[in-house]
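Numbering (UniProt numbering), first residue to last: 1 to 186.
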């Protein structure tokens, strides 16, 4: 029989890290949450060294994601994808920034791979905040981030998505390095 539904989950500890009662008002604070999610994911052996969070323009946390590829046996269960899907479900909108919804920000511990880059184009994100760079991911871990256009930042900006990089980069790199040094493959 063909499966007719898909069930992806985040572990309960995520609710202890992500504070839905506060406003995350700056880039540093938003990317800091994504990095802490990545750090905890590695420390708890629940997936790869990646975290992401979707914020409304007013600083309200809408959703979070962590890498769940191996635990969920699903190649699309990247942190950004999980955050996008949960935000879309919460808002009941496939395009987060649909008219009347406001503007949305994705903060991620590391530069989106080719899959998450594509999803960013369509998810309805207005700003993309990035910790570590793709070259950090590839030099510190065994991950292949896949091909991106040489002018990927310009491509996003042409579509109205502001991109800010290297936010708390050293902290994000430290999480990747810890993961890579321990030879983890989840």
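We put the CB at the ideal spot given by N, CA and C, even for glycine. Every value quoted in this text rests on a predicted model; they were computed, and no experiment measured them.
Residues that DSSP places opposite residue i in a beta bridge
i           : result
residue 130 : 108
residue 55  : 61 and 105
residue 164 : 129
residue 159 : Note: residue 159 sits in no beta bridge, so no partner.
Whole-number beta carbon distance between residue j and residue i, since they are thought to touch under 8 Å
i           : j           : result
residue 107 : residue 33  : 7 Å
residue 31  : residue 168 : 5 Å
residue 62  : residue 52  : In fact, because the Cβ distance is near 11 Å, the residues do not count as touching under 8 Å.
residue 116 : residue 148 : Residue 116 to residue 148, Cβ: 10 Å. No contact.
residue 102 : residue 157 : Their Cβ separation, rounded to whole angstroms, is 20 Å, which puts residue 102 and residue 157 out of contact at 8 Å.
residue 132 : residue 172 : 4 Å
residue 165 : residue 130 : 5 Å
Candidates the options: closest to residue i by CA position
i           : options             : result
residue 69  : 63, 50 and 137      : 50
residue 145 : 153, 96 and 136     : 136
residue 124 : 147, 93 and 109     : 93
residue 76  : 59, 90 and 48       : 48
residue 181 : 9, 11 and 138       : 138
residue 141 : 46, 86 and 174      : 174
residue 163 : 4, 152, 88 and 26   : 152
residue 177 : 59, 95, 28 and 38   : 38
residue 21  : 71, 127, 154 and 60 : 60
Where the beta strand (DSSP E) through residue i begins and ends
i          : result
residue 90 : From DSSP, residue 90 is part of no beta strand (DSSP E) but of the alpha helix (DSSP H) over 79-91.
residue 76 : Where residue 76 is concerned, there is no enclosing beta strand (DSSP E), given that its DSSP letter is neither H nor E.
For residue i, the first and last residue of its enclosing alpha helix (DSSP H)
i           : result
residue 174 : 169-181
residue 117 : 114-123
residue 32  : 27-43
residue 15  : 14-17
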